[in-house]
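Undergrad: Residue numbering for the sequence shown follows my numbering, starting at 485 and increasing by one per position.
Using N, Cα and C, we set each Cβ at its ideal position, and we do this for glycine too.
Structure in structure tokens, see below.
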Amino acid sequence: MSNLQTVTIYSDDSNVSSSHNKLQNSQASQEKPKLSLVLTSGVTLEQLAETFKKQRRECWICSKVVSTFEAGKKIGEDDLWHLETCVLSWENLFPKT
């Protein structure tokens, strides 16, 4: 014989719905900030490229960004962000002794 019971839970959905609508309205009224990438580490793009080469590892995005930089072409903000975070993270994880 089983000891299972069925329990029905009732809630007042009007309060939940009202709170949800207020949250959506407050989020919609806030303006999104305009962001731009700024290298805050004090490291230049040239230094990042050289450091990546010295790391002797594979990262196809970093390779593409370094090749683009060496060709004298413009690098997008997303690619620049990736190069900086990837290279500096690697340096932090595997410091030279």
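Got a sec? Which residues, its chain only, sit under 6 Å from residue 539 by beta carbon, not counting five neighbours each side?
TA: Here residue 539 refers to the residue found at position 55 when the sequence shown is read from its first residue. Cβ neighbours of residue 539 beyond the five flanking positions: 574.
Undergrad: Check this for me: beta carbons of residue 550 and residue 566, under 8 Å apart or not?
TA: Here residue 550 is taken as the residue at index 66 of the sequence shown, counted from 1. Here residue 566 is taken as the residue at index 82 of the sequence shown, counted from 1. Result no, Cβ atoms of residue 550 and residue 566 do not sit closer than 8 Å.
Undergrad: Assuming the contact rule is C-beta atoms closer than 8 Å, residue 552 and residue 559 should be a hit. Round their C-beta distance to whole Å, please.
TA: Taking the sequence shown and counting its residues from 1, the one referred to as residue 552 is at position 68. Taking the sequence shown and counting its residues from 1, the one referred to as residue 559 is at position 75. Correct: roughly 6 Å between the Cβ atoms.
Undergrad: For residue 536, count the other beta carbons within 10 Å of its own beta carbon; 16 or more makes it buried, fewer makes it exposed. Which is it?
TA: Working through the sequence shown from its first residue, we reach residue 536 at position 52. Burial call: buried.
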